[in-house]
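Shown next, in structure tokens, is the structure this report addresses.
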Amino acid sequence: EVPKDPRYPDCASKVDWMRARWTSDPCYSFYGVDGSDCSFLIYLSEAEWFCPPLAWRNQSSHPTTNLSLLLERVGSGKESLSFMRRRMRRLAAQWAAAARRLDERLRGQYREQKRILVHVGFLTEESGDVFSPKVLKGGPLGEMVQWADILTTLHVLGHNLKISLSVKELQGSLGVPPGRGSCPLTGPLPFDLIYTDYHGLQQMKQHMGLSFRQCHIRVIDTFGTEPAYNNEEYSTLHGYRTNWGYWNLNCKQYMTMFPHTPDNSFMGFVTEELNQTERFKIKRDKVNNMAVVYGKEASMWKGEEKLLTILHRYMDIHGTVYYEAQRPPEVPAFVRNHGLLPQQELQQLLRKAKLFLGFGFPYEGPAPLEAIANGCVFLQPKFSPPHSSLNHEFFRGKPTSREVSSQHPYTEQYIGKPHVITVDFNNSQEFETAVQDILKEKVEPFIPYEYTCEGMLERVNAYIQHQVRSALRLFLSPEASSCVKTCRDSGLICEPAYFPFINNMEAFNGLNAQCESLDAEKNHVFPAVHVDRRECFQQKEPLLFSCAGISAKHQRLCPCRDYLHGQVALCRDCL
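Read in order, the letters of the sequence shown correspond to residues 50 to 624 in our numbering.
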């Protein structure tokens, strides 16, 4: 019986509604929920995780395989997969709650169930799987965090999901005969979409051969690929060719970890959310003079003792640097090094700390967002000049000319003060002043909506079900300015999908460009106007439409759109 309590007058009717919903759903009954109290107590939480909400699913089929068990079956023994499974289990309740909230908001919208293949190329033995051995030694976890969240998102949205972690599994999933793909497929591709990475893309081309079709593919690409590098002919002729890129995809098929450039699609990942009890404990237990350093490898601490000495005047400093036997000499003696911590223990450390300090590397990882979500202030270095493939070894060979203004540009641009402080670490006085200001500041835990479970579900659902676009706003950029910056300066975002509609004389006339001539050429900054000669240029190659391109000699035609606050990938009318 449902207890009667005047404070909760609707409780009985809600329980009746839930009982009817659960017992009428074949997926819930498959997992043992039959309407009895025992089945609710024993099986309901399991079914809530395995079964996406009804409105997300094609009623003729439903998932019958635990995603974590599926990962164990196809990749047991890999520490990288163990990390991903632990993350998926830890966030399961948050994903389920987010799916229910989004289901209520989008109720009534038709959502087609897609057949999706996920081929994680960088974890295959054929690509070398360099990540698994480093998981327990402080290696980068960002890619594994993102892939775990992508798999969970696609599963929770109710799509028919197949996971491949080897070339043999890839061939079996696609129906490709063994070998190098000299024979085409005899039937249609058995998937609507294929999510992979650059390693997987190369493997598919090698083994599918004549059957390789690119329009179904979505490439998870951490740092992004700009149009000048994506077009094979143009990149080869103009010096943009690298070991990556040159695939001639629509640049929206590249999906990034952060919204670097609107030329690509922003996939993202999820930051763990706090409940009210956890937020209260953080507020109660915060240690105002405690700092944690962002750097699990000893090499990241090299040469930073001067800054650490300044910080030590004001705060107790904690590190999580991996070591096997002896304490790393790069870590000063006054730093308390906890060694490499499991995720939950690291979170407990961040919930006590006031400051999370970055030394400039690694670039654009998930850790600063996790620290901010746990109530830390992230203090990071400003780069002057900005780091890029032109002046920094890390970016050399990556298919982007993007200039990185700080260790984590997203937090600098989209979050900012008081949660994020970006200063010149070469100026000791500026660094010390920033530490003093942080000690005075009261900061609450914060997560941008686009990095919550609900935000990621909303965004990926919009991508899969075809995003609606808002009204076009057209601007003429200053010379030596990208369309990314031109649109951002007006509170908007560049939308590359609009370039085909402004690649004409009417658009030039609408901006009073005063063209004395009009030509069409292949150039990643066109359509544009030459600054000195008033010559106007249309884009001849659609794959070169670029928001990111910059030219000191041209003013660019820039198509801009609005965006949802906290969900930059979507326009205001997209839902």
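For glycine and all other residues, C-beta sits at the position ideal for the given N, C-alpha and C.
Integer Cβ distance of residue i from residue j, believed to fall under 8 Å
| i | j | result |
| --- | --- | --- |
| Y278 | P435 | About 18 Å separates the two Cβ atoms, so there is no contact after all. |
| G407 | P378 | Not confirmed; about 21 Å, so no contact. |
| R400 | N423 | 5 Å |
| A618 | P308 | 6 Å |
| T460 | P417 | 5 Å |
| V533 | T310 | 6 Å |
Residue i - DSSP class collapsed to helix/strand/coil
| i | result |
| --- | --- |
| Q456 | coil |
| A609 | According to the sequence displayed, residue 609 carries Cys and not Ala. If DSSP states are grouped into helix, strand and coil, C609 belongs with the strands. |
| G368 | strand |
| S181 | helix |
| G360 | Before going on, a small fix: residue 360 reads as Leu here, not Gly. Helix, per DSSP. |
| Q162 | coil |
| Y295 | coil |
| T202 | helix |
| A147 | helix |
| D473 | coil |
| R451 | coil |
| N510 | helix |
| S284 | helix |
| Q375 | coil |
| R156 | coil |
| P391 | coil |
| L210 | strand |
| P381 | coil |
| S131 | helix |
| N386 | strand |
| F495 | coil |
| P52 | coil |
| T482 | helix |
| D622 | coil |
Candidates the options: closest to residue i by CA position
| i | options | result |
| --- | --- | --- |
| L210 | I199, V216, K217 | I199 |
| I464 | Q485, E499, T305, N476 | E499 |
| N475 | E353, D538, V426 | E353 |
| F272 | T305, Q393, N572 | T305 |
| G294 | T245, N280, A148, E565 | N280 |
| S284 | G221, N572, R445 | N572 |
| Y592 | A420, A374, L298 | Checking the displayed sequence, the identity of residue 592 turns out to be Leu instead of Tyr. The shortest C-alpha separation from L592 is found at L298. |
| S600 | L619, P467, P576, C620 | P576 |
| H168 | K301, Q158, V216 | V216 |
| S566 | R136, L560, Q587, S129 | Q587 |
| S314 | E282, M349, E275, W296 | E275 |
| D365 | Y372, V336, Q375 | V336 |
| H204 | C564, S539, V509 | V509 |
| L250 | G288, D241, Q302 | Q302 |
| A347 | Y371, G177, S455 | Y371 |
| L166 | L151, L140, L238 | L238 |
| L360 | K491, E479, M137 | E479 |
| C300 | V319, I269, E327 | I269 |
| Q393 | E419, A374, Q375, P494 | E419 |
| K466 | K491, Q456, N553 | K491 |
Other residues of its chain near residue i: CB distance less than 6 Å, five sequence neighbours each side excluded
| i | result |
| --- | --- |
| V578 | A562, C585, Q604 |
| T535 | F524, S526, C607 |
| Y247 | W293 |
| F550 | none |
| V127 | According to the sequence displayed, residue 127 carries Lys and not Val. Counting only Cβ-Cβ distances below 6 Å, and skipping sequence neighbours, we find S181. |
Cross-strand partners of residue i (DSSP beta bridge)
| i | result |
| --- | --- |
| G407 | Y343 |
| C543 | C609 |
| M304 | I269, S314 |
| R522 | C609 |
| Y244 | V167, R267 |
| A577 | F586, R605 |
| F427 | F405, V469 |
| T566 | The question names Thr, but residue 566 in the sequence shown is Ser. Per DSSP, E584. |
| H436 | V453 |
| Q396 | According to DSSP, which records beta bridges pairwise, Q396 is partnered with nothing at all. |
| R616 | In the sequence as displayed, the identity of residue 616 is Gln instead of Arg. In the DSSP output, where bridge partners are listed per residue, Q616 has L613. |
Close beta carbons around residue i, own chain, < 8 Å, minus the five adjacent residues each side
| i | result |
| --- | --- |
| L541 | R522, C609, R610, D611, Y612 |
| H367 | M339, A340, V341, V342, V384, R385, N386, H387, L398, A402 |
| D334 | R400, K401 |
Same chain, Cβ closer than 7 Å to residue i, neighbours up to 5 away in sequence not counted
| i | result |
| --- | --- |
| V6 | There is no way to answer for residue 6, as the model of the chain reaches only from 50 to 624. |
| Q108 | Its pLDDT being 39, under 50, Q108 is placed unreliably by the model, and nothing is read from it. |
| S531 | C596, A597, G598, I599 |
| S49 | The structure shown does not extend to residue 49, since the chain is modelled only from 50 to 624, so the question has no answer here. |
| E442 | none |
| A197 | M133, R136, M137 |
| H208 | Q162, K163, I165 |
| F594 | P276, P545, F548, Q588 |
| R106 | Annotation note: pLDDT 45 at R106 (below 50); position unreliable, no value reported. |
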